[in-house]
Each structure stands twice: as structure tokens, then as C-alpha cells.
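J.:
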Amino acid sequence: MKFVLLLAAAASALVQAGEIPLAERRSGYEFMSRDTRAMQDDDTTSPALFSLMEGEALFKSNCQTCHADIKGVAARYPAVKQGKLVNLEQQINTCRTERQKAAPLAYESRELLALTTYVARQSRGLPIDIKLEDANRKYIDAGRATFNRRQGQLNLACAQCHDDNWGKQLAGTPIPQAHPTGYPLYRLEWQSVGSLQRRLRNCMIGVRSEPYAYGSQEFVELELYLMWRARGMKLETPAVRP
Amino acid sequence: MAPVVVTVPTQAKRGEVIEIKTLAAHVMENGFRRTQMGELIARDIITQVVCTYNGVEVFRAELHPAMAANPFVAFTTVATESGTLEFKWTGDNGYSASHSAAITVT
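Taken in sequence, the protein lines are chains A and B. Heads up: the first sequence begins at 1 in the numbering used here, then just goes up one per residue. Heads up: the second sequence begins at 243 in the numbering used here, then just goes up one per residue.
(1) In three-state DSSP terms, what is A/Glu89?
(2) Can you give the Cα-Cα distance for B/Arg276 and A/Lys71, rounded to whole angstroms?
(3) Can you tell me whether A/Asp69 is helix, strand or coil according to DSSP?
(4) The alpha helix (DSSP H) spanning A/Glu54 covers which residue range?
(5) Give me the chain B residues within the contact set of A/Ser195, using Cβ-Cβ distance strictly less than 8 angstroms, ordered along the chain.
(6) Alpha carbons only, please: which of A/Pro174, A/Gln82, A/Pro184, A/Val207 is nearest the one belonging to A/Ser33?
(7) List the residues that DSSP assigns as beta-bridge partners of B/Val246.
(8) Under a three-way DSSP split, which group does B/Phe274 fall into?
(9) Run through DSSP, which three-state label would B/Tyr295 get?
(10) Listed from N- to C-terminal order along the chain, which residues in the segment 285-318 of chain B have their beta-carbon within a distance smaller than 7 angstroms of any beta-carbon of chain A?
(11) In angstroms with no decimal places, state the Cα-to-Cα distance between B/Ser324 and B/Leu305.
(12) Against chain A, does B/Met270 count as a neighbour if the rule is that its beta carbon must be under 9 angstroms from one of theirs?
(13) Can you list, in chain order, the residues of its chain whose CB lies under 7 angstroms from that of B/Ala254, leaving out five sequence neighbours each side?
(14) By Cβ distance below 7 angstroms, which residues in the same chain neighbour A/Arg150 in space, the five residues on each side in sequence not counted?
(15) Per DSSP, what are the beta-bridge partners of B/Thr346 in this structure?
(16) Tell me where the beta strand (DSSP E) around A/Val193 begins and ends.
(17) Would you give the residue range spanned by the alpha helix (DSSP H) that A/Thr146 belongs to?
(18) Just verifying my parser: in three-state terms, what is the DSSP assignment at A/Thr45?
(19) How close, in whole Å, do the beta carbons of A/Gln160 and A/Arg26 come, if the pair is a contact with beta carbons under 8 angstroms?
(20) Could you tell me which residues DSSP pairs with A/Tyr186 in its beta bridges?
(21) From the DSSP output, in three-state form, read off B/Val315 for me.
(22) By how many angstroms is the C-alpha of A/Gly143 removed from the C-alpha of A/Ala9?
(23) Please check the pair A/Ala102 and A/Arg96, which I expect to be a contact at CB under 8 angstroms, by giving their CB distance rounded to whole angstroms.
(24) Alpha carbon to alpha carbon, what distance is there between A/Gly18 and A/Asp164?
(25) Taking 7 angstroms as the limit between beta carbons, can you name the residues of its chain near A/Leu52, skipping five residues before and five after?
(26) Which residue's Cα is closest to the Cα of A/Ala145: A/Leu222, A/Ala75, A/Gln217?
(27) Taking Cβ-Cβ distances shorter than 7 angstroms, what residues in chain B pair up with A/Gln191?
(28) Taking 8 angstroms as the cut-off, does the segment 82-95 of chain A touch the segment 33-52 of chain A (at least 3 CB pairs, one atom from each stretch)?
(29) Could you work out which residues of chain B lie near A/Leu49, taking near to mean beta carbons separated by less than 8 angstroms?
(30) Taking 9 angstroms as the cut-off, decide whether the C-beta atoms of B/Ala284 and B/Asn312 are in contact.
(31) Run through the DSSP bridge pairs and tell me what B/Phe301 is partnered with.
(32) Mind pulling the chain B residues with CB within less than 7 angstroms of A/Thr45?
Listed below in C-alpha cells is the structure:
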């Protein structure tokens, strides 16, 4: 009897610790209050509008000559380009330095966020299109390992909150499933638009661990894993989050 | 000119209540925060939003340090006659922004 109970406990622990089944995935949008949802739903009142407008102006004057149609592009990043894993921000900067011979934009700078927001906005409503392939397999595996690795003084892994305990409360706020469906997004706590990596740094500081540097390989791998984990979910850029 | 976004219906029936939504890009620095070195960051906020309808003031709001960045102000008025709605934002450090929108009342 005792043995059966132990087995049952072990089995339930296994089930709980697994990845979220595809059909049970929920965007962070569904964990928000009605007011915050309303901010995201109305394009004329979204505080991310200014970033979008600036991005549109920058894109039209610098990028549109080559990139006439960018629909769906953001749904395929991070991607392996010339043997290197890059996210959307890094690809924009590669384009600037290699083709335009311009200086790269600083990570998290207003211009880079604006451009990224505008580019990602063109894929709004499209499903995230990351496939597990030979080229990206090792990066997805590395990202998954980071996601499952306990770290920091609190000794917590991303998965312990976002896979195992989503939907519960953490100090009064609901724990979402950590799907990066709306980046760059306007976060009310930041009072500004920010990237996925800025959000990841927040979580890392939260578990008292030293955050990776902006644009580091670990972060991009983690971004890729999160995007793959959210494959098929619709992009909401620019989203609004509390 | 600082960017602002205003949503006003372009057409309305006489006597109809219309909703006007305004959004202004602004950091709304509240004046209570400090830098990592302990120095106070000076207050920098929008202090006033005024809307006039064909020269007549129909809405005025005073904003205070507790307002979030990029303040969103929505209000209603009655469509009386065709003309122009003028919006003006003023604030600290000489901040000023304006916008005008035409409305046709039938």
C-alpha cells in the first residue's frame, strides 16, 4: 500500500514538473485584469503607440527600400543566421552595421526598441513559427537547460514557477506561463516599452541571481526556447502588461 | 513638438455626446525619486490639459505627480456645431504640446 502511494506521489510529481501541454497554454493576456486588457485592445489608447510611431518613421526612412514586406518576420526569431543564433534586435543591428555601415543601436535604447516594436507589430495575430530543426536544436536544448536550471540565492528555476505553478499567486500577482507573445511590450511597472531580455533580467534579479548581459548567448538561447515553447500562439506586439 | 495622439469622431449628430481620447508622450517624473547616488531627480510632469471647442473651453484637467507616464485622458462633450477642437498640454520645464481636430456636426 505504502509502495503504491509512493508510486502515485512520484507519478504526480512527474506530471507536474513537465512542460505545459500545448492545448493548455495561455498568453499572459489572459492573466491580466480587465482594465489592462482594455489598454492593449484599443490601438488608439495603447501607451506603446509612441514607440510604434517612432519605429514606423525610422523604418520608413532607413529600412523600407530593401524590406518592403516584413509580415511574419518577427514570428520566426530568434533564428540561426550564418551559423549564429540571433534575435530580432541583433538582426536589426547586423543589418545596420553590415549593409548600412551605420553604428549599431544600443540594446534597450529607444530607437532599437521602436524599430523592433514596429517590425514585430507587422506580425501581430500571426502564429509564432519556430520549428525544431537540426540548425537550432542545440540552442533550444541549451535554452531549455537554462529554463530548468535552479539559480540564485533563492535557488529557483524558471520552470518551478512558470511550468509547475502557473495560475497561482505570487505575492498577490498571478503567475503567468511565461510565453513571450507580445514583445517588445509596454509594461506598466516600467512605465515604458521594454524587450524580452529586460523582462528576463527582472525575473533573474527576483530570484537573487546575477542577470546575464544584454544580448548574451544565454539570453538569446532562452528567448529561442521560450518562443519554441509558445509555438503556434499568436503574436500580440505591442502588448501591455502590468 | 512632443507627440500626442487624439481620437475624436470626425462626424456627429447635433446634441450627440461624443467621447474624446487623448494620449501624450511624457515621462511624468514625479520628483520624489532618487538616483543611485542619492540625488533627487527633479520633477518633470504635465500639469494641465485643456480642450476648447470653437474657442469655448469644454474641458480642463490639472495633473499631479501621481499620474503615470504617457497620461491618457478621456472625456466627453456634446457636439453642438461643426468646427475645431483644440487641445493644449502644458507642463514643467516649458513643456507644451497642442493638437487640433475638425468635427462635422449634422
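Just so you know, even glycine gets a beta-carbon here, dropped at the ideal spot from N, CA and C. The structure presented is a predicted model; accordingly, all values stated were derived computationally and were not measured.
T.: Based on what the coordinates show:
(1) For this step, residue 89 of chain A is matched to residue 89 along the first sequence. In the three-state reduction of the DSSP assignment, A/Glu89 falls in the helix class, which pools H, G and I.
(2) Against the second sequence, residue 276 of chain B aligns to sequence position 34. Against the first sequence, residue 71 of chain A aligns to sequence position 71. The alpha-carbon atoms of B/Arg276 and A/Lys71 are separated by roughly 42 angstroms.
(3) Taking the first residue of the first sequence as 1, we reach residue 69 of chain A at position 69. A/Asp69 carries a coil assignment under DSSP once its states are collapsed to helix, strand and coil.
(4) Position 54 of the first sequence, counting from 1, holds the residue named residue 54 of chain A. Where A/Glu54 is concerned, the enclosing alpha helix (DSSP H) stretches over 49-62.
(5) As a working note, residue 195 of chain A is residue 195 in the first sequence. The contacting residues do not exist; A/Ser195 stays about 18 angstroms from chain B at best.
(6) Within the first sequence, residue 33 of chain A is the residue found at index 33, counting from 1. From the listed residues A/Pro174, A/Gln82, A/Pro184, A/Val207, the smallest Cα separation to A/Ser33 is found for A/Pro174.
(7) The sequence position of residue 246 of chain B within the second sequence is 4, counting from 1. B/Val246 is bridged by DSSP to B/Ala266.
(8) As a working note, residue 274 of chain B is residue 32 in the second sequence. Here B/Phe274 sits in coil by DSSP.
(9) Here residue 295 of chain B corresponds to residue number 53 of the second sequence, with the count starting at 1. In this structure, B/Tyr295 counts as strand in the three-state DSSP scheme.
(10) Under the 7 angstroms Cβ criterion, the segment 285-318 of chain B contributes Ala310, Ala311, Asn312, Phe314.
(11) Counted from its first residue, the second sequence places residue 324 of chain B at position 82. Counted from its first residue, the second sequence places residue 305 of chain B at position 63. B/Ser324 and B/Leu305 have their alpha carbons spaced roughly 29 angstroms apart.
(12) Here residue 270 of chain B is taken as the residue at index 28 of the second sequence, counted from 1. Among the CB atoms of chain A, one or more fall inside 9 angstroms of the CB of B/Met270.
(13) Taking the second sequence and counting its residues from 1, the one referred to as residue 254 of chain B is at position 12. Cβ neighbours of B/Ala254 beyond the five flanking positions: Ile260, Ala321, Ile345, Val347.
(14) Taking the first sequence and counting its residues from 1, one reaches residue 150 of chain A at position 150. Annotation for A/Arg150: Leu156, Ala157 place their beta carbon closer than 7 angstroms to its own, counting only its chain and skipping 5 residues before and after.
(15) As a first step, residue 346 of chain B is located in the second sequence; it is residue number 104 there, counting from the start. In the DSSP output, where bridge partners are listed per residue, B/Thr346 has B/Gln253.
(16) Taking the first sequence and counting its residues from 1, the one referred to as residue 193 of chain A is at position 193. Annotation for A/Val193: the continuous beta strand (DSSP E) segment containing it runs 192-194.
(17) Residue numbering aside, residue 146 of chain A sits at position 146 when the first sequence is read from its first letter. Looking at the DSSP string, the run of the alpha helix (DSSP H) that includes A/Thr146 is 137-148.
(18) Here the question's residue 45 of chain A lines up with position 45 in the first sequence. Residue state, collapsed to three classes: coil.
(19) Counting from one through the first sequence, the residue named residue 160 of chain A turns up at place 160. Counting from one through the first sequence, the residue named residue 26 of chain A turns up at place 26. Actually they are not in contact, since the Cβ atoms of A/Gln160 and A/Arg26 sit about 18 angstroms apart, beyond 8 angstroms.
(20) Numbered from its first residue, the first sequence carries residue 186 of chain A at position 186. In the DSSP assignment, A/Tyr186 forms a beta bridge with A/Val193, A/Val240.
(21) Position 73 of the second sequence, counted from the first residue, corresponds to residue 315 of chain B. B/Val315: strand per DSSP, three-state reduction.
(22) Counting from one through the first sequence, the residue named residue 9 of chain A turns up at place 9. Counting from one through the first sequence, the residue named residue 143 of chain A turns up at place 143. Residue confidence is low: A/Ala9 scores 47 on pLDDT, short of 50, so the model does not pin down where it sits. No coordinate-derived value is stated.
(23) Position 102 of the first sequence, counted from the first residue, corresponds to residue 102 of chain A. Position 96 of the first sequence, counted from the first residue, corresponds to residue 96 of chain A. That belief holds up - the Cβ atoms of A/Ala102 and A/Arg96 are roughly 5 angstroms apart, short of 8 angstroms.
(24) Within the first sequence, the letter at position 164 stands for residue 164 of chain A. Within the first sequence, the letter at position 18 stands for residue 18 of chain A. One C-alpha to the other measures close to 8 angstroms.
(25) Position 52 of the first sequence, counted from the first residue, corresponds to residue 52 of chain A. Counting only Cβ-Cβ distances below 7 angstroms, and skipping sequence neighbours, we find Thr117, Tyr118, Arg121, Pro238.
(26) For the purposes of this step, residue 145 of chain A is taken as residue 145 along the first sequence, with counting starting at 1. For the set A/Leu222, A/Ala75, A/Gln217, the Cα lying nearest the Cα of A/Ala145 is the one of A/Leu222.
(27) As a first step, residue 191 of chain A is located in the first sequence; it is residue number 191 there, counting from the start. Identification of chain B residues near A/Gln191 by a Cβ-Cβ cut-off of 7 angstroms yields Ala310, Ala311, ordered along the chain.
(28) With the cut-off at 8 angstroms, the segment 33-52 of chain A and the segment 82-95 of chain A do not touch.
(29) If you number the first sequence from 1, residue 49 of chain A lands on position 49. Think of a sphere of 8 angstroms around the beta carbon of A/Leu49: the chain B residues whose beta carbon falls inside it are Val247, Leu265, in chain order.
(30) As a position in the second sequence, residue 284 of chain B is number 42, starting the count at 1. As a position in the second sequence, residue 312 of chain B is number 70, starting the count at 1. For B/Ala284 and B/Asn312, no; Cβs fall outside 9 angstroms.
(31) By 1-based counting over the second sequence, the position of residue 301 of chain B is 59. DSSP, once it has assigned bridges, lists B/Cys293 as partnering B/Phe301.
(32) Here the question's residue 45 of chain A lines up with position 45 in the first sequence. Taking the beta carbon of A/Thr45 as reference, the chain B residues within 7 angstroms of it are Lys263, Leu265, Phe314, listed in sequence order.
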